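When the sequence shown is numbered by full-length UniProt numbering, its final residue is 406 and no position is left out of the sequence of numbers.
Beneath this line is the structure, given in structure tokens, with notes to follow.
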Amino acid sequence: MKVLISGASVAGPVLAHWLHRYGFEPTIVERTPELRHGLGGHAVDLFSSAAEVTRWMGCWDAIDAARTRIDSMTMERFGRRPVEVDLSRMYAGISSSHVEILRGELTRILYDASRDTAEYIFGDSIASLSDDGSGVDVTFDSGTQRRFDLVIGADGLHSNVRRLAFGPEEPLRRWLGGYLAVFSMPDIFDVGNHTLAHLSVDKLVGIYGVHQTGQTRSGFLFRTPHELRYDYRDKDEQKALLVKEFSNYGWRVPQLLEHLESAEDFYFDSIAQITLDTWSKGRIGLVGDAGYCPGPAVGGGTSLAVMTAYVLARELAAARSDLASGLKSYERIIRPLVDQSRRIGPKLMGTIIPGSPLALRLMPFAAATLAKLPTAMQRFIWSQNAVGKTLSSVNLVQPQVSQSVA
Ligand SMILES: Cc1cc2nc3c(=O)[nH]c(=O)nc-3n(C[C@H](O)[C@H](O)[C@H](O)COP(=O)(O)OP(=O)(O)OC[C@H]3O[C@@H](n4cnc5c(N)ncnc54)[C@H](O)[C@@H]3O)c2cc1C
């Protein structure tokens with residue numbers, strides 16, 4: 001069975017690895033001319049079951065070695081004393097197994113675990129798909145034409161496969177009320193392995209260190225009453241929007257914005273979810289952010305992508321040649337997980353970006369106090385809390401087959 005996967009970031013390489021182990025022939029097409037690996041990009045999280053999947057892939061040691069090592073945060077506000085939060089204790093309270101890693105590093109490790117057993121095509125993209133019931137004819141932008149038994153979109157929030165098979169993004173997109181910008185810059189504030197965050201009503205600015213490069217990432221999250229209109233391809237327009245939003249902010253923001261112009265890895269997007277009811281159509285399916293993005297930076301999308309890519313491969317293998325039933329089974333198994341993950345974003349947005357002066361006053365102390373409690377007590381509190389309930393239910397979906405499936 002030949003499977004074409006669009007997208008080589010997180011879900012794509014995990015899916016390719018497991019498909020090969022289950023006897024499929026995976027091909028991955030990635031739009032960028034080379035792997036988007038390295039030390040740019042943002043930090044992402046793997047929690048319990050997702051970490052377990054990477055252990056089974058033999059990747060865990062490399063992932064653990066590449067962790068960001070950021071274990072503390074100072075939360076600052078105008079006119080108030082800074083509050084220190086022990087992040088390592090907080091993560092231990094949420095999950096028994098957690099790693100924070102730069103997405104580029106994670107991609108490199110997952111690529112290494114699939115590069116010898118999957119065909120990788122860089123610098124190309126799917127131009128058209130034609131599913132005739134017994135296979136899918138694919139035309140690539142390069143003009144190449146090939147036929148596959150199955151095509152899976154693992155191409156992220158703005159998925160190309162989803163657009164081709166399910167239609168335009170707009171009706172499937174649920175805006176969560178905010179925006180997110182991230183870029184790299186020199187460590188001008190000597191942040192080191194630490195996070196500096198500044199909170200105000202409807203805004204959060206964070207700076208965290210990247211130990212491998214000695215640089216920092218600056219992150220800006222903000223809420224707006226209405227959606228902003230901008231061209232998603234026009235970085236200059238997005239930079240101007242960010243400057244407009246934060247030009248009078250104060251704190252360390254003016255120095256951060258001085259590095260905006262020269263930032264090569266500037267990222268800007270709305271914080272939005274993808275809310276499809278089904279993730280397959282005939283022989284075309286979706287996995288990870290392409291199918292059910294829970295919201296960048298606020299939804300645990302990386303863990304979701306790893307777990308669901310594994311489940312997809314497993315269920316396709318279990319269904320043998322009956323791909324339709326494999327896709328159906330995949331959907332049935334991941335649906336509760338996807339539903340839960342959709343609840344995280346709105347809740348987390350309300351917590352990490354204070355929505356009122358009262359929330360601004362209480363949030364840092366609540367975070368610091370929680371992190372100081374014994375782990376067992378933190379776990380109990382998380383289990384009672386709406387965000388914790390959704391997070392732990394993402395953590396607790398345990399893949400059910402043994403690793404010896406090759
Ligand atoms: C700023 C930011 C911060 C984040 N922070 C966190 C966090 O703290 N914790 C967390 O768990 N998650 C976080 N996320 C979310 C996380 O990055 C995603 O959930 C995760 O990467 C999803 O993986 P994916 O493989 O499904 O999609 P993606 O990582 O989006 O990968 C999609 C891939 O498809 C490729 N592609 C796109 N179009 C095409 C095409 N036409 N043809 C071929 N290939 C294509 C892209 O180049 C990319 O390689 C964050 C996201 C952002 C943007």
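Cβ atoms here follow ideal geometry from the backbone N, Cα and C, with glycine treated the same way.
Here the structure is a predicted model, which is why all the values come from computation and not from measurement.
- No Cβ-Cβ contact shorter than 8 Å links Ala197 with Tyr267.
- Annotation: Arg147 to Arg379 spans about 49 Å, alpha carbon to alpha carbon.
- Using a C-beta cut-off of 8 Å, the region 256 to 275 makes contact with the region 216 to 235, since at least three inter-stretch Cβ pairs fall below that distance.
- Contact check for His17 against Met57 passes: the beta carbons are separated by less than 8 Å.
- Secondary structure note for Phe183: its beta strand (DSSP E) is the uninterrupted segment 173 to 186.
- The three-state secondary structure of Phe189, taken from DSSP, is coil.
- Distances from the CB of Glu76 to the heavy atoms of ligand 1 are all 7 Å or more.
- In the assembly as shown, Tyr22 is a buried residue. Its beta-carbon has 16 or more other beta-carbons within 10 Å.
- When distances are taken from the beta-carbon of Ile126 to the heavy atoms of ligand 1, the shortest one is below 7 Å.
- Ranked by how close their Cα comes to the Cα of Ile121, the residues Tyr111, Ile381, Arg361, Thr74 have Tyr111 in first place.
- Secondary structure of Met75 (DSSP, three-state): strand.
- Taking a C-beta distance under 8 Å as the contact criterion, Ala11 and Ala305 qualify as a contact pair.
- Closest by C-alpha distance to Glu100, out of Glu331, Arg252, Ser303, is Ser303.
- For Gly135, the CB contacts under 8 Å within the same chain, skipping 5 residues up- and downstream, are Arg147, Phe148, Asp149, Arg283 in chain order.
- Rounded to whole angstroms, the separation of the alpha carbons of Ala313 and Lys2 is 13 Å.
- Following the DSSP letters along the chain, one finds Ser128 inside the beta strand (DSSP E) bounded by residues 126 to 131.
- With a cut-off of 7 Å, the C-beta of Ala290 is classified as near ligand 1, since at least one heavy atom of the ligand falls inside that distance.
- Every beta strand (DSSP E) of 3 residues or more that sits fully in the region 278 to 327 is shown, in chain order, as 284 to 286.
- Burial state of Ile344 is buried, judged by a 10 Å Cβ sphere holding 16 or more other Cβ atoms.
- With a 10 Å radius around the Cβ and a threshold of 16 neighbouring Cβ atoms, His42 comes out buried.
- Per the coordinates, the alpha-carbon of Leu204 lies some 45 Å from the alpha-carbon of Leu323.
- The straight-line gap separating the alpha-carbon atoms of Asn160 and Ala65 is approximately 33 Å.
- Placement of the Cβ of Val99 at a distance of 7 Å or more from every heavy atom of ligand 1 is found.
- By the C-beta density criterion, Phe166 is buried, having at least 16 other C-beta atoms within 10 angstroms.
- With a contact defined as Cβ atoms closer than 8 Å, Ser72 and Val85 qualify at about 7 Å.
- For Ala66, there is no enclosing alpha helix (DSSP H), as DSSP marks it with neither H nor E.
- Looking at the DSSP output, Ser218 sits in a beta bridge with Phe183, Ile207.
- Taking one beta carbon from each stretch, the region 173 to 180 and the region 344 to 357 have 3 or more pairs nearer than 8 Å; the two touch.
- Of Phe222, Gln212, His259, the smallest CA-CA separation from Ile271 is found for Phe222.
- Not one heavy atom of ligand 1 falls within 7 Å of the beta-carbon of Arg108.
- Counting only the Cα atoms, Gln145 lies some 49 Å from Gly192.
- The C-alpha of Gln384 lies about 46 Å from the C-alpha of Pro33.
- Straight across, the Cα-Cα distance linking Met185 with Arg320 is about 49 Å.
- Within 10 angstroms of the beta-carbon of Ile28 lie 16 or more other beta-carbons, which makes it buried.
- Pro168 carries a coil assignment under DSSP once its states are collapsed to helix, strand and coil.
- If the five residues before and after Glu119 are omitted, its C-beta is found closer than 6 Å to the C-beta atoms of Thr27, all from its own chain and listed in chain order.
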